[in-house]
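The number in this note's numbering is simply the position in the sequence shown, starting from 1, with 250 added.
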Amino acid sequence: MTVFNAIYQILWGDLITIPLPGGSTLGLSLLVLILIPSGIFFTIRTRFLPFRFFPEMLRIVTEKKTGTQKGAISGLQALIISTATRVGMGNLVGVVAAISAGGAGAVFWMWIMALLCSSTAFIEATLAQLHKEKDPLYGGYRGGPAYYIHHLFIKEDSTRKRSVIAILFALSGLICWCGISQVIGNSVSSAFSNAFHIPPLYTTALLVVIAAVIVLRKNATVKVLDIIVPIMAGLYFFFTIFIIIKNAGQLPAVFGRIFAEAFGLRQVAAGGFGAVIMNGAKRGLFSNEAGSGSAPCAAAAADISHPAKEGLLQALGVFIDTLVICSCSAMIMLLTPAELTKDLAGMDLLQTAMDHHLGSFGVIFVAAILWLFSFSTFIGILFYARSNVAYLFGDNWLSQTLYKILALVMLFIGGLAAYTFVWDLGDVGIGLMTIFNMIALFPLSRQALDSLKDYETERKCGG
Numbered sequence: 251m252t253v254f255n256a257i258y259q260i261l262w263g264d265l266i267t268i269p270l271p272g273g274s275t276l277g278l279s280l281l282v283l284i285l286i287p288s289g290i291f292f293t294i295r296t297r298f299l300p301f302r303f304f305p306e307m308l309r310i311v312t313e314k315k316t317g318t319q320k321g322a323i324s325g326l327q328a329l330i331i332s333t334a335t336r337v338g339m340g341n342l343v344g345v346v347a348a349i350s351a352g353g354a355g356a357v358f359w360m361w362i363m364a365l366l367c368s369s370t371a372f373i374e375a376t377l378a379q380l381h382k383e384k385d386p387l388y389g390g391y392r393g394g395p396a397y398y399i400h401h402l403f404i405k406e407d408s409t410r411k412r413s414v415i416a417i418l419f420a421l422s423g424l425i426c427w428c429g430i431s432q433v434i435g436n437s438v439s440s441a442f443s444n445a446f447h448i449p450p451l452y453t454t455a456l457l458v459v460i461a462a463v464i465v466l467r468k469n470a471t472v473k474v475l476d477i478i479v480p481i482m483a484g485l486y487f488f489f490t491i492f493i494i495i496k497n498a499g500q501l502p503a504v505f506g507r508i509f510a511e512a513f514g515l516r517q518v519a520a521g522g523f524g525a526v527i528m529n530g531a532k533r534g535l536f537s538n539e540a541g542s543g544s545a546p547c548a549a550a551a552a553d554i555s556h557p558a559k560e561g562l563l564q565a566l567g568v569f570i571d572t573l574v575i576c577s578c579s580a581m582i583m584l585l586t587p588a589e590l591t592k593d594l595a596g597m598d599l600l601q602t603a604m605d606h607h608l609g610s611f612g613v614i615f616v617a618a619i620l621w622l623f624s625f626s627t628f629i630g631i632l633f634y635a636r637s638n639v640a641y642l643f644g645d646n647w648l649s650q651t652l653y654k655i656l657a658l659v660m661l662f663i664g665g666l667a668a669y670t671f672v673w674d675l676g677d678v679g680i681g682l683m684t685i686f687n688m689i690a691l692f693p694l695s696r697q698a699l700d701s702l703k704d705y706e707t708e709r710k711c712g713g
């Protein structure tokens, strides 16, 4: 536990503390020190890709699958899988927590992180495409950071079968996703208990049974996510737009708060400017997952005509997660009278806000949408796990099935009780994934940049 806590503090604790005017401080964790400069660097190296290529990202979404590899998924399906895992509990309660701690200004810094991190997402997804392999078990392709890390450190003529860094990445991912499974189980059972007074045992048992039916079948995950993700994102967006239109008169004041508090004019005097920046930045970074190496596990599976296209789709996924879904949660909260949400936190705060806007239906809607968000995240991370399990244990159904069963057990346990150690284990897992992924991302980034340049040339030539 001592070693574990030390690693946790190194990854997530304030490694550097910068004093600010008004008596506040700006605490920077190791992950923030890595991800924010990386986002800036890749944004500059791609010549501000999020701005230049946004129309192209939208165009690629509408393209039909052109690949011929049997069992492969399309670029859009890979985007749907990564969106399923990005859009989860953090987009609901996490955003609420960021605003509660850092004020409305935290929303602005979430937006900034999305713009920066989309370039990082492009680099890692394009690399996953460039280094993908055929999948002999599921059909189609597989890959991700474990594979491009392997190719960085292990040459083709080497007798070594695995890279130590790639092994550590794969293990960190599997540990992280087990921890997330417990969080998902607990979040869903708590929300249904609050909304419907259903005992956690019943909610959790039903969740596990439905999940098992899907994940233990060979290729059911993608088909289910193709249906769930557009519905859940569309519903959440639709009801948020309804709430915004209903409260349109408050919008100027809300945006005024966001921008005024973002630059800390009032917060500097109150000693809270550091909280504004870091709560927004951390929520933006760890909601969109860019740099962690998760989404490339889906990106590698896409059968698409050019590697850079999948990179652009995954960059778009960051926008969907933060600029759309996280902003929806922020608007729901900021359009709620402050006196109603005073002294509330987490799911209670969000359900109270929805009750104000939509009545008792709002409470039921939040519970249902959380179920969809969490469920899609669970089956999405098990899709990610495929390539990591294969890298560690080879191509066999036994190891694939055993990991799925382990994740289902963790899902069930989490629904009945909250074990904070396991949850922290998930945080440590994603932190380590980020470290190992970034080790490879910088030296290999030239390949992704060359792929982008080739794609631009192809477009100019009418390809």
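Cβ coordinates follow ideal geometry from the N, Cα and C atoms, glycine included.
Bear in mind the structure is a predicted one, so any value in this text is a computation, not a measurement.
Sequence-distant residues of its chain with Cβ nearer than 6 Å to residue i (five each side left out)
i: Pro693; result: none
i: Ala698; result: Ile373, Thr376 and Leu377
i: Phe662; result: Thr454 and Val458
i: Glu313; result: none
i: Asn444; result: none
i: Gly472; result: According to the sequence as given, residue 472 is Val; it is not Gly. Taken in chain order, the residues that qualify are Ile323 and Gln327.
i: Ala462; result: Leu658
i: His607; result: Ile493
Cβ neighbours of residue i in the same chain (closer than 7 Å, five flanking residues each side left out)
i: Ala690; result: Pro395, Tyr398, Ile399 and Leu402
i: Leu622; result: Ile478 and Met482
i: Thr645; result: In the sequence as presented, Thr is not what sits at residue 645; that position holds Asp. Pro386 and Leu387.
i: Ala470; result: Ile464
i: Gly676; result: Cys426, Gly429, Ile430 and Val433
i: Leu280; result: Ile260, Leu261 and Leu265
Residue i (DSSP reduced to helix, strand or coil)
i: Pro287; result: helix
i: Pro269; result: strand
i: Glu374; result: helix
i: Glu539; result: coil
i: Tyr452; result: helix
i: Ala667; result: coil
i: Gly609; result: coil
i: Arg410; result: coil
i: Ala548; result: helix
i: Arg325; result: The amino acid at residue 325 is misidentified as Arg; the sequence shows Gly. Reduced to three states, the DSSP call for Gly325 is helix.
i: Gly681; result: helix
i: Leu584; result: helix
i: Glu383; result: strand
i: Leu594; result: coil
i: Leu466; result: coil
i: Gly277; result: strand
i: Arg295; result: helix
Whole-angstrom C-beta distance between residue j and residue i, which should lie under 8 Å
i: Glu539; j: Ala549; result: That pair is no contact at about 12 Å.
i: Ile330; j: Val479; result: 5 Å
i: Gly567; j: Arg336; result: 6 Å
i: Ala334; j: Phe569; result: Contact doesn't hold; Cβ gap of about 16 Å is too wide.
i: Thr627; j: Ile434; result: 6 Å
i: Gly665; j: Pro450; result: 6 Å
i: Ile582; j: Thr490; result: 6 Å
i: Ala328; j: Tyr641; result: That pair is no contact at about 18 Å.
i: Ala565; j: Pro300; result: 7 Å
i: Gly289; j: Ser369; result: 6 Å
i: Gly393; j: Lys382; result: 4 Å
i: Thr296; j: Leu702; result: 6 Å
i: Glu511; j: Gly353; result: 5 Å
i: Phe492; j: Ala617; result: Their Cβ separation, rounded to whole angstroms, is 18 Å, which puts Phe492 and Ala617 out of contact at 8 Å.
i: Gly541; j: Asn638; result: 17 Å between Cβ atoms; not a contact.
i: Leu620; j: Ala441; result: 5 Å
i: Leu715; j: Val678; result: There is simply no residue 715 to check, as the chain begins at 251 and stops at 713 in what is shown.
Where the alpha helix (DSSP H) containing residue i begins and where it ends
i: Tyr388; result: Looking at the DSSP string, Tyr388 is not in any alpha helix (DSSP H), and its letter there is neither H nor E.
i: Arg507; result: Leu501 to Ala512
i: Ile260; result: Thr252 to Trp262
i: Asn444; result: Val414 to Phe446
i: His400; result: Pro395 to Phe403
i: Glu589; result: Ala588 to Thr591
i: Ala498; result: Premise fails: Ala498 is in no alpha helix (DSSP H) and is neither H nor E.
i: Phe569; result: Pro557 to Phe569
i: Phe304; result: Phe304 to Val311
Residue i CB to nearest heavy atom of the ligand PLP below 7 Å
i: Ile404; result: Of the ligands one can find in the structure shown there are none, so the ligand PLP has no counterpart to examine.
C-beta neighbour in chain C for residue i, strict 8 Å
i: Ala441; result: In the structure shown, chain C does not exist; there is a single protein chain.
8 Å CB neighbourhood of residue i in its chain, flanking five on each side removed
i: Leu594; result: Thr602
i: Phe487; result: Val574, Ile575 and Cys578
i: Leu584; result: Ile349, Ala354, Val357, Val504, Arg507 and Ile508
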